[in-house]
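*Asks:* Residue numbers (the numbering used here): 1 to 400.
Heads up, the beta-carbon is just placed ideally off N, CA and C, and yes, glycines get one too.
To start, I am sharing the structure in question, which I have written as structure tokens.
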Amino acid sequence: MPARDASNHAGDDPRAEPRRNTATVRTKDVATLIAGALSAIAITTFLYTQSLPLEGVLGFLLIGFAVFVAVYLVMISLTEDGPAIQDRFASIIIHAAAMLLVFALAVVVIFAFIRGTEALPHPNFYLQDMSMAGPLDPLSNGGILHAIVGTLIQIGIALAISIPLGLTCALFLTEIPGPLSRFVRTVVEAMTALPSIVAGLFIYATVVVFLGFDRSGFAASLAITVMMLPIIIRAADVVLRLVPGNLKEASLALGAGQWRTVWGVTLPTARSGLTTAIILGTARGIGETSPVLLTAGFTQFLNLNPFSGPMVSLPLATFNFVKSPEPTMIARGFGTAAVLMVLVLILFAVARVIGGRGPGDLTTAQRRRALARSRREAERYEQRLLAASDTVATTTWSTR
């Protein structure tokens, strides 16, 4: 009772710090934010037009943001203490950086789609290649079918190679620690900053020159694989190390082996993070241009054979289109870039649907199969009980 009474009267102490709900936005916070923004606009406009010989939108935005931060912190200091001021300053910087990144991404996407609107409405842009079209032909002739197919083939082969190799290497780094794993981790971290042109030169020197293979889509896929592997391994390694150790210990305590634990506990728990690792690797590989140019060459024809003949990709086609002085070719280039972004978005959405579920989150088919297994196990258990009861009854009758 004394402790409870003390806790009840703790709020009556004038020296106690008042509690504040950080989960909601107060009206005073919104008013302070708006007042700081208006003051920053007014002060920056005065500096630009009356005091300083400055001009340009970028300078206005930078000076306005600096003035806004200063004014906002001064206004906050009138009613808040030191920790609250530091928290507001950090919040402003973080939100400003996030808005800047979103704005830059939006500008890139919108600009590509706006510049490509001349080519995107034409159906032949998706159903034809450039074999029968030239730089002076209108947008009603030619298309990027050869680049779309080439990108899908190259990234498909690269994923088929890099996913098993990358996940296996990440499991090796996580499950088998030692000097070799530390050396491999160091090499992987160094390769994450490998320039793409170096990967293309490596595959060109080994596969095309030394082994004598033709420049083809398969060689380009190998170069893309070299770029994707370090990203997948490094991200998957971080995700696998985040799996709680007590889950593995529980599996081992129940009698499962190490690799049975990896297959049944570690991988399902880290499935969503591993999907993110694959997405990051795909994003690195699908936009490469120089490795494809060195190992696959450039062609205006549709090539469905990745092991013979040059094969173009969407980034390489974009590069060749936009460097032309003809407006129609430039429009094709920006349209190709827009198609590439849509294709990447579709691939990422499919990857999220396939592997984005959390641990224990089963699909409808998996729940149905699990329910069927449970029913079979229950029926088998009941049959064992009946057989055991019959055996006991028979034994009792024989003893009588």
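Would you identify the three-state DSSP class for Gln86, choosing helix, strand or coil?
*Replies:* Helix, per DSSP.
*Asks:* Assuming contact is defined by CB atoms lying nearer than 7 Å, are Met403 and Ser162 in contact in what I supplied?
*Replies:* Shown here, the chain extends from 1 to 400; a query on residue 403 therefore has no answer.
*Asks:* With DSSP collapsed to three states, give me the class of Asp81.
*Replies:* Three-state result, Asp81: coil.
*Asks:* Can you say whether Val312 is buried or exposed, counting buried as having 16 or more other CB atoms within 10 angstroms of its CB?
*Replies:* So Val312 counts as buried.
*Asks:* Taking Cβ to Cβ, would you say Ala270 is nearer than 7 Å to Leu240?
*Replies:* The answer is yes: Cβ separation under 7 Å.
*Asks:* Is it true that the region 55-72 meets the region 87-96, where meeting means three or more beta-carbon pairs spaced less than 8 Å apart?
*Replies:* With the cut-off at 8 Å, the region 55-72 and the region 87-96 touch.
*Asks:* Taking a contact to mean a Cβ-Cβ separation below 7 Å, would you say Thr318 touches Gly333 in this structure?
*Replies:* The answer is yes: Cβ separation under 7 Å.
*Asks:* Let me make sure I understand the geometry here. Which of Tyr204, Asp237, Leu211 and Ala236 has the alpha-carbon closest to that of Ser221?
*Replies:* It is Tyr204 whose Cα lies nearest to the Cα of Ser221.
*Asks:* Relative to the C-alpha of Ile148, which candidate in Leu61, Val339 and Glu382 has its C-alpha closest?
*Replies:* Checking every option, the nearest Cα to that of Ile148 belongs to Val339.
*Asks:* Take every Cβ of the region 197-211, pair it with every Cβ of the region 258-270, and state whether three or more of those distances are shorter than 8 Å.
*Replies:* The region 197-211, when compared against the region 258-270, does not touch it at the 8 Å Cβ threshold.
*Asks:* So what's His9 in DSSP terms, helix, strand or just coil?
*Replies:* For His9, the predicted structure reports a pLDDT of 47, less than 50, and the residue's modelled location is therefore unreliable. A value from the coordinates is still provided. The answer is coil: DSSP assigns His9 none of H, G, I, E or B.
*Asks:* If I follow the unbroken alpha helix (DSSP H) through Ala126, where does it start and stop?
*Replies:* As written in the sequence, residue 126 is Tyr, which differs from the Ala given in the question. Asn124 to Leu127 is the extent of the alpha helix (DSSP H) around Tyr126.
*Asks:* Out of Val226, Leu167, Asn124 and Leu211, which one is the CA nearest neighbour of Ala193?
*Replies:* Comparing Cα positions, the closest option is Val226.
*Asks:* Indicate the three-state DSSP secondary structure (helix, strand or coil) for Thr289 in the structure shown.
*Replies:* Three-state result, Thr289: coil.
*Asks:* How is the alpha helix (DSSP H) around Gly309 delimited, first residue to last?
*Replies:* Element bounds for Gly309: n/a, residue is neither H nor E.
*Asks:* Since Leu424 contacts Phe60 with CB under 8 Å, what's their CB separation in whole angstroms?
*Replies:* Beyond the ends of the chain as shown, which are 1 and 400, falls residue 424; an answer cannot be given.
*Asks:* Looking at the structure shown, is Glu382 part of a helix, part of a strand, or coil, going by DSSP?
*Replies:* In the structure shown, Glu382 sits in a helix (DSSP, three-state: H, G or I).
*Asks:* Quick check on DSSP: helix, strand or coil for Asp237?
*Replies:* The answer is helix: DSSP assigns Asp237 an H, G or I state.
*Asks:* Are three or more beta carbon pairs between the region 77-85 and the region 47-57 nearer than 8 Å?
*Replies:* Touching, no.
*Asks:* Quick one: complete alpha helix (DSSP H) runs, 4+ long, within the region 179-251?
*Replies:* Those alpha helix (DSSP H) runs which fall completely within the region 179-251 and span 4+ residues are 179-191, 196-203 and 217-241.
*Asks:* With distances taken between CB atoms, is the gap from Asp428 to Phe301 smaller than 7 Å?
*Replies:* For residue 428 there is no data in the structure shown, the boundaries of the chain being 1 and 400.
*Asks:* With Ala219 and Val208 assumed to form a contact (beta carbons below 8 Å), what rounded beta-carbon distance in angstroms separates them?
*Replies:* At roughly 6 Å, the Cβ-Cβ gap stays under 8 Å, so Ala219 and Val208 are in contact.
*Asks:* Assign Ala328 to buried or exposed, taking buried as 16 or more other Cβ atoms, counted over all protein chains shown, within 10 Å of its Cβ.
*Replies:* For clarity, residue 328 is Thr in the given sequence; the question names Ala instead. Burial call: buried.
*Asks:* For Arg369, is the classification buried or exposed, using 16 other Cβ atoms within 10 angstroms of its Cβ as the cut-off for buried?
*Replies:* Per the 10 Å Cβ criterion, exposed.
*Asks:* I need the DSSP call for Lys28, collapsed to helix, strand or coil.
*Replies:* If DSSP states are grouped into helix, strand and coil, Lys28 belongs with the helices.
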